[in-house]
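Following: one structure in structure tokens, then a few remarks.
Protein chains: 2
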Amino acid sequence: MSSRHIQYAADVESLPTTAWVVLGLLSFGRELSGYDLRKWAEASVRFFYGSPAMSQIYRELRRLEAQGYAVSRPAPPEEPRRKRLYRITPAGLDALAGWLREAPVEAPVLKHGVALRVWLGHLSDPATLRRTVLEHREFAQRMLDEVSAARAVAEHDPTWAYPAMIERWGERYWAAERDAADALLADLATLNQQPPATSPVP
Amino acid sequence: MSSRHIQYAADVESLPTTAWVVLGLLSFGRELSGYDLRKWAEASVRFFYGSPAMSQIYRELRRLEAQGYAVSRPAPPEEPRRKRLYRITPAGLDALAGWLREAPVEAPVLKHGVALRVWLGHLSDPATLRRTVLEHREFAQRMLDEVSAARAVAEHDPTWAYPAMIERWGERYWAAERDAADALLADLATLNQQPPATSPVP
DNA sequence: GGGAGCATGTAACGGGTTACATGATTGG
DNA sequence: CCAATCATGTAACCCGTTACATGCTCCC
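Quick note, the sequences are listed as chains A and B, same order.
With my numbering, letter number 118 in the first sequence gets 119, and the count goes up by one each step, no holes.
With my numbering, letter number 91 in the second sequence gets 92, and the count goes up by one each step, no holes.
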């Protein structure tokens, strides 16, 4: 109803990024349920953007459908389970492409509880710190293993070239995270050797 | 008022992590204003946990004081500016140490808008993708420079051993982030060379 | 004089979480 | 038969953000 001419954005009540993530999953062309989307997000998006809660996914799906960016239908009776399948619309593809073109890229968000704890090391003890970092090292290794497994699946198919590329990126990221944990463990060790630093013979 | 005997936690209506971050800043012993805390967070915590909004810091300070974890006083009249200075209390130190000892370490939160965009590369174009990643590369380099500068300040003082250690960790983290961006740029380049991949001689 | 930075807040909003509720189907 | 998984939601909560309001002081 506005008198302005706006090309791509008649009604863009700008959606939260999570909505674009969900629409992004649908943009690969498959018809999926909320549950499916969750599983897939756990196996892909999780490594670089976390994975939204189920309830959040359902909310975004309803919103996307209200916006005309997706359509849904109940699964046909042949399907054993009652569920609702979502598909992206041309308008949805357009909107997603427009978001990619125009929305400014937000700075990456990092909340690193392990770094926070070491930073407050003066209120902790060496053993606890060491254990915390070691657990994180194992977590990073696990993430690396999982993202590697995910990548192995969709390799060599040009349709999945970009997801595969980001999975490679994820491998590098989590390998670096593991290595940084190792370096931190080494730093912690040298710090603990220092206090009795009245070294007899230099 | 409870009949139970609970050593460290008579009334722990568990605070959000941001409150512990603010209390953590105060745990280094200085008496600071909300504004001071914000500046300091920008120069330290930001590199591994983001930096909360001013309004959030003020809110947490009020809450910490209500809990008895911090006390405040107006700055003395000698100070040119009207402000309120906060100091950690023994109870606050106790509570923070208790949190470090007992609270489970949350998994690190990562929301990487650049990875998200490349993951959706099929809806974008090579030039845009390349520019996005390049900008991120520069962002990571900037973060690296800034954390290095911060580290240079407090080096070699045992009081700041743990913060310095985390600044070293931050340098590794942001260097790795920059290198991962470079690797991603290389991957993007090879992908763009591939489409005319009817290679004449294998 | 005026802009940059100092300093403290209030108000509105909403995104994303956990907890809860419900019920079907599959497979050991 | 019973647990795990599939499948979809509602309700409450609150963290954290942006936008706004206010006024001071420093320095060019």
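Quick reminder that beta carbons are idealized off the backbone N, C-alpha and C, glycines included.
From a predicted model like this one, the values you see are computed outputs, not experimental measurements.
Taken in chain order, the whole beta strand (DSSP E) runs of length 3 or more contained in the stretch 35 to 95 of chain A are 71 to 75, 85 to 89. Among the CB atoms of chain A, none fall inside 9 Å of the CB of leucine 38 of chain B.
Tryptophan 120 of chain B and threonine 129 of chain B have their C-alpha atoms some 13 Å from each other. The beta-bridge partner set that DSSP reports for leucine 33 of chain A consists of A:Tyr87. Looking only at B:Val22, B:Val148, B:Pro159, the smallest Cα-Cα distance to arginine 173 of chain B is reached by B:Val148. Residues of the stretch 95 to 117 of chain A with a C-beta less than 8 Å from any C-beta of chain B: Leu97, Ala98, Leu101, Arg102, Val106, Glu107, Ala108, Pro109, Val110, Leu111, Lys112, His113, Gly114, Val115, Ala116, Leu117, listed in chain order. Under the DSSP assignment, leucine 24 of chain B falls in the alpha helix (DSSP H) whose first and last residues are 18 to 27. Inter-segment contact for the stretch 100 to 108 of chain B and the stretch 65 to 82 of chain B is absent: fewer than three beta-carbon pairs are separated by less than 8 Å. Runs of the alpha helix (DSSP H) spanning 4 or more residues and lying entirely within the stretch 124 to 156 of chain A occur at 127 to 154, in chain order. For the stretch 160 to 171 of chain A, the beta-carbon criterion of a distance under 7 Å to any beta-carbon of chain B is satisfied by Ala162, Tyr163, Pro164, Met166, Ile167, Arg169, Trp170. Against chain A, a Cβ distance below 8 Å from leucine 121 of chain B picks out Gly25, Ser28, Leu97, Leu101, Tyr163. Assignment of valine 106 of chain A by DSSP, reduced to helix, strand and coil, places it in the coil class. At least one CB atom of chain A sits nearer than 9 Å to the CB of glycine 51 of chain B.
Contact check for glutamate 168 of chain A and alanine 151 of chain A: beta-carbon distance about 6 Å, within the 8 Å limit, so the pair qualifies. Judged by DSSP secondary structure, proline 164 of chain B falls within the alpha helix (DSSP H) whose first and last residues are 162 to 194.
According to the DSSP assignment, leucine 121 of chain B belongs to no alpha helix (DSSP H), since it is labelled neither H nor E. With a threshold of 9 Å between beta carbons, alanine 181 of chain B makes contact with chain A.
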